[in-house]
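Accompanying notes for the structure given below.
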Amino acid sequence: MFISFASIVFGFSLGALAAPSSLGGDSLAQRTSTTCGGLNGIAGFFDTTPNVTLSAWNRTLPNANDTGVPLVLVPIGETGGPNAVHLENLATFASVGINFWPTVALDQGTLIGNFMSTPADGGVPTFTVATQAAAGTALQFSSSSKSLPNNPIFCAVASTSAEGGGPRGPALAIGTDTDHFSLCQSQGPANLIIYQASATNDGSYDFNTCYPVTVVIDDLV
Ligand SMILES: *[C@@H]1O[C@H](CO)[C@@H](O)[C@H](O)[C@H]1NC(C)=O
Ligand SMILES: *[C@@H]1O[C@H](CO)[C@@H](O)[C@H](O)[C@H]1NC(C)=O
Ligand SMILES: *[C@@H]1O[C@H](CO)[C@@H](O)[C@H](O)[C@H]1NC(C)=O
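Here you go:
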């Protein structure tokens, strides 16, 4: 079993995190931005979503449905000290069986996790942001009681392939790259989302188990 958040002592403070603006409207198309490789608002590229969930759509085998398997953030550890930052990866819910972040949102290219606070945690929110998408490594999030810097490297790309058997929802991209995510088995139970999976890695996953997936943004209507 992974680290339980209920077992971690948080020292939360409330702070200002910009609420993701909702989709649609003129402001989206008219925003000038460097997100989505400069394509934000153009040709199905957009850098902001409401609260959504993510799933992994198998690029090689037939999928049971047009969304794929649900993905969730999974705690993997922390960097200690007074400004402790907790680290999370993205994994299939089926492999980890816990979910403290019911939704995520894209806010001008920053991928934010919405932590589900519970009375056991003190009932106050934390900040969770996808902080690292490095080649050959797991997609990594950081959580802190203090607000974290934006990391506007993500984008959503509208699906053009649903009728051709592709996923229904938009695809998550790093820049404009939707095509280099994989699900790979970690040393533990977690089946992790890896960016540009590589046989040469830090040992956190077994490359031989990797298969390519599209990270699908669900629930966008
Ligand atoms: C996806 O396809 C791979 C083979 O390419 C298979 O091993 C794996 O079980 C499939 N995963 C899902 C969730 O369907
Ligand atoms: C789609 O199928 C996967 C199993 O491959 C399942 O985990 C998931 O819940 C299904 N999604 C929906 C929306 O039915
Ligand atoms: C997204 O979810 C968070 C946490 O549940 C909530 O505070 C926020 O208001 C939601 N944002 C929108 C746009 O619904």
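In case it helps, mature numbering (1 follows the signal peptide of the UniProt record, and there is no 0) puts the sequence shown at residues -18 to -1, 1 to 203.
Backbone N, C-alpha and C fix where the C-beta goes; we use that ideal spot for every residue, glycine too.
Note the first and the last residue of the continuous alpha helix (DSSP H) segment covering residue i.
i: phenylalanine 82; result: That residue, phenylalanine 82, is in no alpha helix (DSSP H); it is neither H nor E in DSSP.
i: alanine 76; result: 75 to 78
Would you decide whether residue i is buried or exposed? Buried here means 16 or more other CB atoms lie within 10 Å of its CB.
i: alanine -13; result: Below a pLDDT of 50, predicted positions are generally treated as unreliable, and alanine -13, at 34, falls in that range; the measurement from the model is reported next regardless. Exposed, because fewer than 16 other Cβ atoms sit within 10 Å of the Cβ of alanine -13.
i: aspartate 161; result: exposed
i: serine 9; result: Confidence at serine 9 is low in this model, with a pLDDT of 43, below 50, so the placement of that residue is unreliable and no value is reported for it.
i: isoleucine 199; result: buried
i: glycine 95; result: buried
i: glycine 62; result: exposed
i: proline 57; result: buried
i: threonine 182; result: exposed
i: aspartate 184; result: exposed
i: glycine 23; result: buried
i: leucine 36; result: buried
i: valine 203; result: Only weak support is given to the placement of valine 203: the predicted model assigns it a pLDDT of 48, under 50, and the value that follows is read from those uncertain coordinates. Its Cβ having fewer than 16 others within 10 Å, valine 203 is exposed.
i: asparagine 45; result: buried
i: glycine 151; result: buried
i: asparagine 173; result: buried
i: proline 149; result: buried
i: alanine 112; result: buried
Starting from residue i, trace the beta strand (DSSP E) in both directions and tell me its first and last residue.
i: isoleucine 135; result: Careful: isoleucine 135 lies outside any beta strand (DSSP E) and carries neither H nor E.
i: proline 149; result: From DSSP, proline 149 is part of no beta strand (DSSP E); its letter is neither H nor E.
i: serine 168; result: 163 to 168
i: asparagine 173; result: 173 to 177
i: aspartate 188; result: 187 to 199
i: leucine 93; result: 92 to 96
Are the C-beta of residue i and some C-beta of chain B separated by less than 8 Å?
i: glycine 118; result: Of the protein chains in this structure there is only one, and it is not chain B.
If residue i and residue j are in contact, beta carbons under 8 Å, what's the gap, nearest whole angstrom?
i: residue 284; j: alanine 115; result: The requested residue 284 is not part of the displayed model; the chain covers only -18 to 203.
i: cysteine 192; j: leucine 165; result: 7 Å
i: leucine 130; j: phenylalanine 109; result: 5 Å
i: valine 197; j: leucine 69; result: About 19 Å; that fails the 8 Å criterion.
Taking only runs that begin and end inside the stretch 98 to 127, name each unbroken beta strand (DSSP E) of 3 or more residues, in chain order.
109 to 114 and 122 to 126
Contact between the stretch 120 to 131 and the stretch 62 to 78: three or more CB pairs below 8 Å?
yes
The stretch 75 to 88 / the stretch 22 to 32 touching (three or more Cβ pairs under 8 Å):
yes
Which full runs of the beta strand (DSSP E) of 3+ residues lie inside the stretch 31 to 80, going along the chain?
36 to 40, 51 to 61 and 67 to 74
Taking contact to mean at least 3 C-beta pairs separated by less than 8 Å, is the stretch 132 to 144 in contact with the stretch 164 to 183?
no
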